[in-house]
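A short write-up of the structure that comes next.
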Amino acid sequence: MPKDFPLMPDQASTISSEVDLLYAFLVGMTLFFVGLIFLMVAIFAIRYRRRSSDEIPRPNFGSLRLEIVWSVIPLLISVGIFIWSASVFFDIQRVPANAMQVYGVGKQWMWKFQHPEGNREINELHVPAGRPVKITLTSEDVIHSFFVPAFRIKQDALPGRYTTTWFQATKPGTYHLFCAEYCGTQHSGMRGSVVVMEPAQYEAWLSGDASGGSMAARGEKLFNQLGCVTCHLPDGSGRCPSLVNVYGKSVKLITGEELVANDEYIRESVLHPNAKIVDAYQPIMPTYQGQVSEEGVLQLIAYIKSISSQVTEGTAAPGTTTPGTALPGATTPGAGTGTGTGTGPTPPGGAGSTNQSTPGGASAPNGINRSGQ
Ligand code: CUA
Numbered sequence: 611m612p613k614d615f616p617l618m619p620d621q622a623s624t625i626s627s628e629v630d631l632l633y634a635f636l637v638g639m640t641l642f643f644v645g646l647i648f649l650m651v652a653i654f655a656i657r658y659r660r661r662s663s664d665e666i667p668r669p670n671f672g673s674l675r676l677e678i679v680w681s682v683i684p685l686l687i688s689v690g691i692f693i694w695s696a697s698v699f700f701d702i703q704r705v706p707a708n709a710m711q712v713y714g715v716g717k718q719w720m721w722k723f724q725h726p727e728g729n730r731e732i733n734e735l736h737v738p739a740g741r742p743v744k745i746t747l748t749s750e751d752v753i754h755s756f757f758v759p760a761f762r763i764k765q766d767a768l769p770g771r772y773t774t775t776w777f778q779a780t781k782p783g784t785y786h787l788f789c790a791e792y793c794g795t796q797h798s799g800m801r802g803s804v805v806v807m808e809p810a811q812y813e814a815w816l817s818g819d820a821s822g823g824s825m826a827a828r829g830e831k832l833f834n835q836l837g838c839v840t841c842h843l844p845d846g847s848g849r850c851p852s853l854v855n856v857y858g859k860s861v862k863l864i865t866g867e868e869l870v871a872n873d874e875y876i877r878e879s880v881l882h883p884n885a886k887i888v889d890a891y892q893p894i895m896p897t898y899q900g901q902v903s904e905e906g907v908l909q910l911i912a913y914i915k916s917i918s919s920q921v922t923e924g925t926a927a928p929g930t931t932t933p934g935t936a937l938p939g940a941t942t943p944g945a946g947t948g949t950g951t952g953t954g955p956t957p958p959g960g961a962g963s964t965n966q967s968t969p970g971g972a973s974a975p976n977g978i979n980r981s982g983q
């Protein structure tokens, strides 16, 4: 392929060659059958042409063997393509457990990113090479789509929902980022770049902007500013449930239903507080819709995560919580902190006073022990 006229974007992620191989196979197979069909048309047109004007063709009663052959071969080919594509699809969908986390918010007409360490950027995303990166996406307004051709990934960013995608960049460089869903007048201008850096360079870049603190620290600030702290007292004595050790744990609702407190649930509880009421509490919380941006919600989630023990990526998945941890006073097995889940009205003494570790090695915010407030 000529260098100044590339037919395909760079292969810059671990899955790009997988995707390209499948794509090449599909194109190759299509060309093969197009050629075969045209060839047969030409051969048959010559071979079985009408030779004299009074010729009467021999009657044809079909061939079962031929019918079976041209049914079974395409069937095998299609099933093969399905299995192959499904395996590539799962590779694209399955986020490696050791992936680092980045948060993206689509907005007319820009991409905003924040890193858990606190760095924020617009229309630019810095990531290290050789490390899986998980991106949690949402939208502030309409549907956008996060598309990095060189990584062969495309994922919609939907308002009111979190979607995820991941990639592992293989070589440093700057790659195009597009919005791939028509989202209004300046949709075509909603683009940016993904800057892939050597890991050491990336670390330097990360530490270059420490203003404002980590996402969790910003979240804590918001938690105080918005007044959440006045009701969600860490020791559970407030009018609203304590949020210490809630993340990733099972929560019992007033309807008797149980769910796992994940990102979606926390987001909904901030913006639509009355959608799900925790057992034994009153629906008194006002909505924070319009008062907090999607980025702010992500920061609040990061803060709630940071005051929960044993949070690792993936623990929010249903089924990973041991049954019974939602009972007031129950101790999370192996948590080692000795604190309750905080979802009940009377958590055991000492809840909230233990220093919890945060995922990813980010330093724990200091606001956990708030017994003086
Ligand atoms: Cu955002 Cu198109």
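In this note's numbering, the protein residues as written are 611 to 983. Beta carbons are placed, not taken as given, at the ideal position from N, Cα and C, and that holds for glycine. Treat the numbers as computed from the prediction; the structure is a model and nothing was measured.
Item, Value
"Cα-Cα separation between residue 876 and residue 841, rounded to whole angstroms", "16 Å"
"Exposure label - residue 641; buried when at least 16 CB within 10 Å", "exposed"
"Minimum C-alpha distance to residue 890 - residue among 670, 682, 862, 903", "862"
"Rounded straight-line distance, which links the Cα of residue 724 to that of residue 730", "4 Å"
"Other residues of its chain near residue 735: CB distance less than 6 Å, five sequence neighbours each side excluded", "723, 804"
"Check: residue 786 C-beta below 6 Å from any heavy atom of ligand 1", "no"
"Ligand 1 heavy atom lying under 6 Å from the CB of residue 750", "no"
"Nearest-angstrom beta carbon gap, residue 829 and residue 910 [assumed within contact, 8 Å]", "5 Å"
"Nearest to residue 844 (by Cα), restricted to the options 746, 653, 918", "918"
"Cβ neighbours of residue 732 in the same chain (closer than 8 Å, five flanking residues each side left out)", "720, 721, 722, 723, 802"
"Backbone secondary structure at residue 735 - three-state DSSP", "strand"
"Extent of the continuous beta strand (DSSP E) to which residue 747 belongs", "742-749"
"Check: residue 793 C-beta below 6 Å from any heavy atom of ligand 1", "yes"
"Where residue 899 sits in the DSSP three-state scheme", "strand"
"Buried or exposed by the 16-neighbour rule on C-beta atoms within 10 Å, applied to residue 872", "buried"
"Nearest residue (CA-CA) to residue 768, options 747, 787, 699, 776", "747"
"The alpha helix (DSSP H) enclosing residue 687, as first and last residue numbers", "674-703"
"Cβ shell of residue 887 (< 7 Å), same chain only, five flanking positions each side left out", "863, 864, 893"
"Extent of the continuous alpha helix (DSSP H) to which residue 839 belongs", "838-841"
"Helix, strand or coil at residue 658 [DSSP, three-state]", "coil"
"Which listed residue (913, 916, 905, 914) has its alpha carbon closest to that of residue 582", "The displayed coordinates of the chain run from 611 to 983. Any statement about residue 582 would go beyond what the structure contains."
"Pair within 7 Å by beta-carbon distance, residue 630 and residue 760", "no"
"Beta-carbon proximity list for residue 908, same chain, < 6 Å, skipping 5 on both sides", "713"
"Among 916, 627, 679, nearest to residue 827 - alpha-carbon criterion", "916"
"Check: residue 917 C-beta below 6 Å from any heavy atom of ligand 3", "Although ligand 3 was asked about, the structure shown includes only ligand 1 as ligands."
"Check: residue 800 C-beta below 6 Å from any heavy atom of ligand 1", "yes"
"Whole-angstrom C-beta distance between residue 833 and residue 789, which should lie under 8 Å", "Actually they are not in contact, since the Cβ atoms of residue 789 and residue 833 sit about 31 Å apart, beyond 8 Å."
"Pairwise C-alpha distance: residue 688 and residue 674", "21 Å"
"Heavy atom of ligand 1 within 6 Å of residue 838 beta-carbon", "no"
"Complete beta strand (DSSP E) runs within the region 801-827 (minimum length 3 residues, chain order)", "801-807"
"From 741, 806, 848, 717, residue whose alpha carbon lies closest to that of residue 796", "717"
"Near ligand 1: residue 841 beta-carbon under 6 Å from a heavy atom", "no"
"Coil, strand or helix - residue 788 by DSSP", "strand"
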